[in-house]
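A.B. asks:
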Amino acid sequence: GIIHRDLKPNNVLVTVVDGIPVPKVIDFGIAKALHAPLTDRTLFTEFRQVMGTPEYMSPEQAETSAVDVDTRTDVYSLGVMLYELLTGRTPFDAEELMASGLDAMRRTIREREPACPSTRVSTMLGADVATVAKHRRSDAPKLVHQLRGDLDLIVMKAIEKDRARRYETADGLARDIERHIKDEPVLARRPSTVYRIQKSVQRNRLAYAAATVVVMALLAGLCVSVWALMRERVARRQAEAERHKAEAARNLAHAEAARNEQVAKFFMTATGPGVWRGQDATLVRGILNGMSQGVRRELTNQPAAQGDLWVSIGNSYAAIDDYPAAVTNLQHAVAAYRSAFGDDHARLARALARLCRLQSLNHEFIEAKTNAELAVATARRGDDPETLAVCLLDAAKSHSKAGQPAPEAIPLLREAMQLRRHTVPHLMFLLDSTRLLVKALEGLAAENRQSEAMAILEEELKLAPRDGDLLRLRRTLHGEPPAL
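This is the structure:
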């Protein structure tokens, strides 16, 4: 095949053969074969003179080399000719192109989007549009109406800047024009269901008009019936919802009242006069033991309240360094929270995190790591970043021995710090996390993994460039003296 590269009205002649108009293309002076040139001339000479006709030139043809062209270049030129045939104008004015200079001309061809044919005609001066319409045996409003739609789409597809969106061949362009003439869906528009129906209606106006009248009558009756039915259903559902809402509020109020009464009764029993007198360790353990038993006895049907109180009791045991009793009460709290909320709740996640920390202090390291992983997994299933941050920090602490965090704690600490920075910053939390991270990185460097420690440190400094602990560690790792 041959690519002409200079298709324009002057190079297309029409003759009549056996009463049928037959177009003939002439002047193959700058044509090229698909796989070899027919001429050694390019579209731009070494003296930057244009070889070809700018107003019919495709964007890829406007490149200075113009080597990478194919049949879609001629499709573009045919699209310009069709544009001119419909509007009496080319997409870009020839005189303006030549007067703008070579670089500006190439930029216009490659980058500027021309108006579609219907827009071009509708924006012409009155005398000009009248002349154009007259030469096409039409008037201005009718011509604009005829152009708007398929013809606009066909022309603009043919002269797309991106040749991948053009018609592949001139035959494809011709077939789309035939489809338009026959009121069939054209390829220039995606053949959606609505578009196909539009074309079918144009071909069968009377049948569709009759069907539309019948359908509209049926729809009108149906709409009235549905409207009445929907009003009745909405009213019934609203009344039902209000009844359920009121009943739920009453049940909640009764439950809260009963819970408050039980909790108050429990604390009055457990903290009666003289209970804390002396406050020696033995007495405190006895009080806490009585409270723990009272929680089990008095709040049997309130697992959430049991969990809250067992957490408090466990923390009280931890405050007097009785870690075995603290672990036992936190285990009770975890079981109570599971009973109350299932396996996906923030309170359960926090209780597991606290349990893993207490088990670590009680030298139950295997159990601590297991519960640390479970706490983080539970928190990740929820939507509370603050809880997740707390669980990550406690999990990191469970990887510590004698106050020295293991390298496994580093990713947990970094994620916890990142969550806190992006939610509600908490100064003590960040200080605690940062100091643990510094210790972990010091341990990493001590294991001859200094480059790895430095890389992590630099990433954290990007997030907290003024953090004193991180800056001191960087100076230490670099062997610099401490800042005064």
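Residues in the sequence shown are numbered from 1317 upward in steps of one, following the working numbering. C-beta: ideal position from N, C-alpha, C; glycine also.
So what's I1726 in DSSP terms, helix, strand or just coil?
C.D. replies: In the sequence shown, the residue the question calls residue 1726 occupies position 410. In the structure shown, I1726 sits in a helix (DSSP, three-state: H, G or I).
A.B. asks: Which of the three DSSP states, helix, strand or coil, is assigned to T1331?
C.D. replies: Here residue 1331 corresponds to residue number 15 of the sequence shown, with the count starting at 1. If DSSP states are grouped into helix, strand and coil, T1331 belongs with the strands.
A.B. asks: Taking the beta carbon of A1534 as the centre, do at least 16 other beta carbons fall within 10 Å, making it buried, or is it exposed?
C.D. replies: The residue given as residue 1534 occupies position 218 in the sequence shown. It should be pointed out that residue 1534 corresponds to Leu in this sequence rather than to Ala. Exposed: under 16 other Cβ atoms inside 10 Å.
A.B. asks: Let me check understanding here. Comparing Cα to Cα, which of A1420, G1417, D1466 and Y1483 lies closest to P1433?
C.D. replies: Walking along the sequence shown from the start, residue 1433 turns up at place 117. Comparing Cα-Cα distances from P1433 to each of A1420, G1417, D1466 and Y1483, the minimum goes to D1466.
A.B. asks: Taking DSSP's pairing of strands, which residues face I1336 in a bridge?
C.D. replies: Counted from its first residue, the sequence shown places residue 1336 at position 20. I1336 is bridged to V1333.
A.B. asks: Using the three-state DSSP reduction, which class does I1636 fall into: helix, strand or coil?
C.D. replies: To locate residue 1636, count along the sequence shown from 1; it is residue 320. I1636: coil per DSSP, three-state reduction.
A.B. asks: Is it the case that the Cβ atoms of Y1653 and L1671 are separated by a distance below 7 Å?
C.D. replies: Walking along the sequence shown from the start, residue 1653 turns up at place 337. Walking along the sequence shown from the start, residue 1671 turns up at place 355. Cβ distance not < 7 Å, so Y1653 and L1671 don't count as in contact.
A.B. asks: Using 8 Å for Cβ pairs, my map puts P1701 next to L1735. What's the rounded Cβ distance?
C.D. replies: Residue mapping note: residue 1701 aligns to position 385 of the sequence shown, counting from 1. Residue mapping note: residue 1735 aligns to position 419 of the sequence shown, counting from 1. Correct: roughly 5 Å between the Cβ atoms.
A.B. asks: By DSSP, does T1587 sit in helix, in strand, or in coil?
C.D. replies: Residue numbering aside, residue 1587 sits at position 271 when the sequence shown is read from its first letter. Reliability of the predicted coordinates at T1587 is poor, the pLDDT of 38 falling under 50, and the value obtained from them is presented with this limitation in mind. The three-state secondary structure of T1587, taken from DSSP, is coil.
A.B. asks: Which residue comes first and which comes last in the alpha helix (DSSP H) that contains A1420?
C.D. replies: Numbered from 1 along the sequence shown, position 104 holds the residue referred to as residue 1420. Segment L1418 to E1427, the alpha helix (DSSP H) holding A1420.
A.B. asks: DSSP three-state call for I1493: helix, strand or coil?
C.D. replies: Walking along the sequence shown from the start, residue 1493 turns up at place 177. It is helical.
A.B. asks: Can you round the beta-carbon distance between P1295 and V1328 to whole angstroms, since I take them to be within the 8 Å contact cut?
C.D. replies: It is not possible to answer for residue 1295, since the shown part of the chain is limited to 1317 through 1800.
A.B. asks: With contact counted as at least three CB pairs below 8 Å, one residue from each stretch, are the region 1477-1491 and the region 1382-1400 in contact?
C.D. replies: yes
A.B. asks: So what's V1502 in DSSP terms, helix, strand or just coil?
C.D. replies: Taking the first residue of the sequence shown as 1, we reach residue 1502 at position 186. Reduced to three states, the DSSP call for V1502 is coil.
A.B. asks: Under the rule that 16 or more other beta-carbon atoms within 10 Å means buried, what is G1594, buried or exposed?
C.D. replies: If you number the sequence shown from 1, residue 1594 lands on position 278. Because the pLDDT at G1594 is just 44, under 50, the model does not fix this residue reliably, and the value given afterwards should be weighed accordingly. When all chains shown are included, G1594 counts as exposed.
A.B. asks: Would you identify the three-state DSSP class for V1530, choosing helix, strand or coil?
C.D. replies: For the purposes of this step, residue 1530 is identified with residue 214 of the sequence shown, where counting begins at 1. Correct three-state label for V1530: helix.
A.B. asks: Determine which residues share a DSSP beta bridge with V1341 and list them.
C.D. replies: For the purposes of this step, residue 1341 is identified with residue 25 of the sequence shown, where counting begins at 1. In the DSSP output, where bridge partners are listed per residue, V1341 has V1328.
A.B. asks: Would you please state the rounded distance, in angstroms, between the beta carbons of I1493 and G1395? I believe it to be under 8 Å.
C.D. replies: Numbered from its first residue, the sequence shown carries residue 1493 at position 177. Numbered from its first residue, the sequence shown carries residue 1395 at position 79. About 11 Å; that fails the 8 Å criterion.
A.B. asks: Should S1393 and L1323 be called a contact, given that it needs their Cβ atoms to be closer than 7 Å?
C.D. replies: Within the sequence shown, the letter at position 77 stands for residue 1393. Within the sequence shown, the letter at position 7 stands for residue 1323. In this structure, L1323 lies closer than 7 Å to S1393 by Cβ.
A.B. asks: From V1517 to V1529, what does the alpha carbon distance come to, in whole angstroms?
C.D. replies: Stepping through the sequence shown from its first residue, residue 1517 is reached at position 201. Stepping through the sequence shown from its first residue, residue 1529 is reached at position 213. Distance between V1517 and V1529, taken at the CA atoms: about 14 Å.
A.B. asks: With L1469 and A1431 assumed to form a contact (beta carbons below 8 Å), what rounded beta-carbon distance in angstroms separates them?
C.D. replies: For the purposes of this step, residue 1469 is taken as the residue at position 153 of the sequence shown. For the purposes of this step, residue 1431 is taken as the residue at position 115 of the sequence shown. With 8 Å as the limit, L1469 and A1431 do not qualify as a contact, their Cβ atoms being about 14 Å apart.
A.B. asks: Beta-carbon separation of A1674 and L1708 under 7 Å?
C.D. replies: Numbered from 1 along the sequence shown, position 358 holds the residue referred to as residue 1674. Numbered from 1 along the sequence shown, position 392 holds the residue referred to as residue 1708. For the sequence presented, residue 1674 should be read as Leu rather than Ala. No. Outside cutoff.
A.B. asks: Would you mind stating whether V1471 and Y1399 have Cβ atoms separated by less than 7 Å?
C.D. replies: Residue mapping note: residue 1471 aligns to position 155 of the sequence shown, counting from 1. Residue mapping note: residue 1399 aligns to position 83 of the sequence shown, counting from 1. Taking 7 Å as the Cβ cut-off, V1471 and Y1399 qualify as a contacting pair.
A.B. asks: Is it buried or exposed for H1461, if we count other Cβ within 10 angstroms and need 16 for buried?
C.D. replies: Within the sequence shown, numbered from 1, the residue matching residue 1461 stands at position 145. Classification for H1461: exposed.
A.B. asks: How big is the Cα-Cα spacing for T1585 and P1723?
C.D. replies: Your numbering for residue 1585 matches position 269 in the sequence shown. Your numbering for residue 1723 matches position 407 in the sequence shown. Below a pLDDT of 50, predicted positions are generally treated as unreliable, and T1585, at 47, falls in that range; the measurement from the model is reported next regardless. One C-alpha to the other measures close to 48 Å.
A.B. asks: Could you say which of N1617, F1681, Y1633 and L1704 lies nearest to D1660 if we only look at CA atoms?
C.D. replies: Numbered from its first residue, the sequence shown carries residue 1660 at position 344. Closest option to D1660, Cα to Cα, is L1704.
A.B. asks: Measuring straight from C-alpha to C-alpha, what distance separates L1625 and C1539?
C.D. replies: Walking along the sequence shown from the start, residue 1625 turns up at place 309. Walking along the sequence shown from the start, residue 1539 turns up at place 223. Cα to Cα, L1625 sits roughly 59 Å from C1539.
A.B. asks: Following the continuous alpha helix (DSSP H) through R1697, name the residue where it begins and the one where it ends.
C.D. replies: Locating residue 1697 in the sequence shown gives position 381, where the first residue counts as 1. Element bounds for R1697: F1681 to R1697.
A.B. asks: State the start and end residues of the unbroken alpha helix (DSSP H) segment that holds G1658.
C.D. replies: What you label residue 1658 is simply residue 342 of the sequence shown in a count that begins at 1. First-last for G1658: undefined, no H or E at that position.
A.B. asks: Please go through the region 1606-1651 and give each complete beta strand (DSSP E) segment of 3 or more residues, from N-terminal end onward.
C.D. replies: none
A.B. asks: Check whether the region 1710-1717 and the region 1674-1692 are in contact - that is, three or more C-beta pairs closer than 8 Å.
C.D. replies: yes
A.B. asks: Can you tell me the Cα-Cα spacing of A1769 and E1758, whole angstroms?
C.D. replies: Here residue 1769 refers to the residue found at position 453 of the sequence shown. Here residue 1758 refers to the residue found at position 442 of the sequence shown. Rounded to the nearest angstrom, the two C-alpha atoms are 8 Å apart.
A.B. asks: For Q1622 versus V1611, is the C-beta spacing smaller than 7 Å?
C.D. replies: The residue given as residue 1622 occupies position 306 in the sequence shown. The residue given as residue 1611 occupies position 295 in the sequence shown. Yes, they are a contact pair.
A.B. asks: Name the residue from L1779, Q1609 and E1556 whose alpha carbon lies nearest to the alpha carbon of H1648.
C.D. replies: Indexing the sequence shown from 1 puts residue 1648 at position 332. Check the Cα spacing between H1648 and each of L1779, Q1609 and E1556: the tightest is with Q1609.
A.B. asks: Would you identify the three-state DSSP class for T1355, choosing helix, strand or coil?
C.D. replies: Stepping through the sequence shown from its first residue, residue 1355 is reached at position 39. Any answer about T1355 is weak, because its pLDDT of 49 lies below 50 and its placement is not dependable; what the coordinates show is given next. The answer is coil: DSSP assigns T1355 none of H, G, I, E or B.
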